[in-house]
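First up is the structure itself, then whatever we jot down about it.
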Amino acid sequence: MKYYLDRLSLVSRAARLGYNMLMIDSDVLFLEDIYSHLKSPPLRDATLMALRDPYNGLLNCAIIYIQNARPEGPAVQLMAEAPDRMERWAEGAELLKARNRVPHCWDQMVVSDSMLSTVAGRPMAFGCWQYWPTRPQVEAWNTAHRRVFHPYKTGGFGIQQFMKLERVAWPRDLARAAPGFPATAESELWTATMRVPNYQGTWPEDLGGPIYPGPRAGNASGWIELLKSDGQPMWPDPEDAAQAAAAAGLTERFAFLPDWLGAYWLQRAPRGGTAGNSGYWSAPLLATHTHATAADTAAAAAGTALSAGAPTPPPTPTPTPASPYALVHVFHPPGGAHLKQLGKMALGHFPWHLMHRLRHSGGLYMASTHQAPVPDVLAYLPDVEGSEWASYAEWNAAALALARLALEMGRAAAFPAPRCNLTWLGGSRNNRLPLDIPESADIRHTWIMPYGRPGQGFASLRCLLGGYLAKGCMRPTEYFPSGLLAPEYDDFLEQVQLSNLGVAVAAAGLLEAPPAAAAGAGAVAGGAAAGGKSAWDVGALAAALMAAHGGPSSGAPQGQGRPRLLLLPAVPVLSGNPGPRMQVFTEKSSHGGDVCNWLLGKPFM
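1 is the number of the first residue of the sequence shown in full-length UniProt numbering; add one for each residue after it.
Here it is, written out as structure tokens:
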């Protein structure tokens, strides 16, 4: 929290000195120029802009921009209020507790409450103090705050009660450059007038009573003195009722950023689906879109010319594809917040070369551990992963077989990702932008992430899919080596080749059927699997592969004959019997925490 408060302090002081400031989180991506849009209607006249949180509808600090702010105005006061309020609450904690008011709060909610205070014109703590034990108390709290803006209304409280909504057209330059993007797309724009808040001589109890526990002291006092030392005029004191009129006269405009400057991953895109899965955020897909569609266009033109008996016309030049989004937030990507970094990898916005310079020993993958920064991996050969999987069920069975076998061998599984143009994932509709991935009982946009390799884009487009995206499937433990997702595995392959870490391909004959000796030892379950093939018990197959290629366990000292990467030339046919490590994994998973329900055969959606 300290570093977050440092950021807010920097923004407020710099803005007081006349600088325009952009504050962003590390999970924000620049896709196109943003300043031409921040300086144009409908945002040109806004002094303070921020991201709207998709879950609570209030302010999200991942993106904040302040421009042309008065040193004594409400925008600067709002930014300075957050560290000031948190310091005062910490220093007067006992006084607040005596009034049954919590003296601490999520930093982002403090900023949101500070914004609400400027719109209401009085200091408020709606979000930080909203956690009441009974439903009637919650309803009374909401109604009291709603009546600040609508004196005779009751009910819930949100930005609908204190901000203005309008629908604005998507910038033409962004819409025109994006293949398949609707020219008529619009976005919501929420705005409000801010003024320096003042308590106006009363602290209504139904609004929480006095927001501040008492006079400033310690760090809070030092913070205000630091602001004064900048040599700029200060805003009217919110705790001096005599300055209420002066405070009300200082107004500036606030706006929540429109979708082209603040979309989040699972936000609905103008043509349907989710913004993050549209392909418009992917640098590799944008870079290869023209090439991917050129063959289709040329073939269609050639067919038309041939039927007319005319020579094939030259292809019509197409503009360079660009994203309709200028700034996006990799917020709660498919699978959960733990995959924010993976989202940047999948979109081609992760600095692999820089990260390898910073971490010479590796350790860049979610499956990395201190003992094994570059883990031993079990994967399918590319032609197996790229198979024409007939259905989700067929692909999922193959992915589970790999994961089960990798677990017994102590290797991280290279979780396979099917091609996004398989029929059950949208077919040829996903050979161009925007991607169109249908939802079904097995496929949800919250559990799918498209990925095209840098430099290849559509030629390598795959969909990270399903239950292995869950946090419990991506967190290595002493009994579970976890796995690598497709962008990580592609980098892993490069590192294995660069460092000559060793690659081997398992014998196809070994996977086809267990030998008689192994069968006699219990390798076969029920004699045969679907299709009449003999099935390995997973523990027996793992033992056979480790006997041939070394082992066991990821992170063990590299021994002769144990490659860092072991490739399977086919999908192993496994019985349903759990191996010994799976039994440990199941027992440990029963204790709660982050669990890989997918691997346990349980629902994960």
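Where a beta carbon is used, it is the ideal one built from N, C-alpha and C, also for glycine. Fair warning: this is a prediction, and the values are worked out from it, not measured in the lab.
Quiz item: Where residue 135 and residue 151 are concerned, what is the direct C-alpha to C-alpha distance, given to the nearest angstrom?
Solution: 21 Å
Quiz item: So what does DSSP say about residue 260, is it helix, strand or coil?
Solution: helix
Exercise. May I ask which residues mark the beginning and end of the alpha helix (DSSP H) holding residue 388?
Key: It is not in any alpha helix (DSSP H) - residue 388 carries neither H nor E in the DSSP assignment.
Quiz prompt | Sheet register partners of residue 437 (DSSP bridge) | solution = Paired residue(s): none; residue 437 is not in a bridge.
Exercise. Within its chain, find whatever has a CB closer than 8 Å to the CB of residue 493; leave out the 5 residues flanking it on each side and keep chain order.
Key: 565
Quiz item: Quick one: is residue 505 buried, meaning 16 or more other Cβ sit within 10 Å of its Cβ, or exposed?
Solution: exposed
Quiz item: So who's on the other strand from residue 380, going by DSSP bridges?
Solution: DSSP, once it has assigned bridges, lists 568 as partnering residue 380.
Practice problem: Figure out for me which residue from 344, 432 and 79 has the closest Cα to the Cα of residue 459. | Solution: 432
Quiz item: Using DSSP with H/G/I as helix, E/B as strand and the rest coil, what is residue 188?
Solution: Strand, per DSSP.
Quiz item: Is residue 105 helix, strand or coil by DSSP?
Solution: coil
Quiz item: Of the choices 332, 376, 57 and 356, whose alpha-carbon is the least far from that of residue 501?
Solution: 376
Quiz item: Can you tell me where the beta strand (DSSP E) with residue 164 in it begins and where it stops?
Solution: 164-169
Quiz item: Exposed or buried, residue 33, counting other C-beta atoms within 10 Å across all chains shown (16 or more means buried)?
Solution: exposed
Quiz item: Looking only at C-alpha atoms, which of 67, 51 and 23 sits nearest to residue 16?
Solution: 67
Practice problem: Confirm, please, whether the CB-CB distance from residue 247 to residue 197 is below 8 Å. | Solution: yes
Self-check item: Cutoff 8 Å; reference residue 189; Cβ partners in own chain excluding five residues on either side
Solution: Within its own chain, the residues whose Cβ lies closer than 8 Å to the Cβ of residue 189, once the five positions on either side in sequence are excluded, are 42, 165, 166, 167, 168, 255, 256 and 258, listed in chain order.
Self-check item: Three-state secondary structure (DSSP) of residue 477
Solution: coil
Quiz item: Identify the residues that DSSP records as bridge partners of residue 252: which are they?
Solution: 194
Practice problem: Find out if the Cβ-Cβ distance for the pair residue 470, residue 336 is shorter than 8 Å. | Solution: yes
Quiz item: With distances taken from CA atoms, which of 31, 251, 250 and 486 is nearest residue 345?
Solution: 486
Self-check item: residue 451 classed as buried or exposed, judged by whether at least 16 other C-beta atoms fall within 10 angstroms
Solution: Residue 451 should be labelled buried.
Self-check item: 8 Å Cβ cutoff met for residue 541 and residue 405
Solution: yes
Quiz item: Under the rule that 16 or more other beta-carbon atoms within 10 Å means buried, what is residue 132, buried or exposed?
Solution: exposed
Quiz prompt | DSSP three-state assignment for residue 63, whether helix, strand or coil | solution = strand
Quiz prompt | the stretch 363-370 / the stretch 390-403 touching (three or more Cβ pairs under 8 Å) | solution = no
Quiz item: Ends of the beta strand (DSSP E) at residue 450?
Solution: 448-451
Self-check item: Whole-Å CB distance - residue 62 paired with residue 111, under 8 Å assumed
Solution: A Cβ-Cβ distance of about 11 Å is found for the pair residue 62 and residue 111, leaving them out of contact under the 8 Å criterion.
Quiz prompt | Endpoints, beta strand (DSSP E) assigned at residue 29 | solution = 28-30
Exercise. Would you kindly work out how many angstroms separate the C-alpha atoms of residue 371 and residue 382, rounded to a whole number?
Key: 28 Å
Self-check item: Three-state class that DSSP yields for residue 302 in the structure shown
Solution: Because the pLDDT of residue 302 is 46, which lies under 50, any placement of that residue in the model is unreliable, and the question is left without a value.
Quiz item: What does residue 327 pair with, by DSSP beta-bridge criteria?
Solution: 30
Quiz item: Is residue 70 helix, strand or coil when you go by DSSP?
Solution: Three-state DSSP puts residue 70 in coil, outside helix and strand.
Quiz item: Straight-line CA distance for residue 475 to residue 174?
Solution: Rounded to whole angstroms, the separation of the alpha carbons of residue 174 and residue 475 is 39 Å.
Practice problem: Classify residue 106 as buried or exposed, calling it buried when 16 or more other Cβ atoms lie within 10 Å of its own Cβ. | Solution: exposed
Self-check item: Supposed close pair residue 182, residue 96 - CB separation, criterion 8 Å
Solution: So it is not a contact: roughly 51 Å between Cβ atoms.
Quiz prompt | Neighbourhood of residue 579 by C-beta, 6 Å cutoff - its chain only, sequence neighbours within 5 removed | solution = 408, 538 and 539
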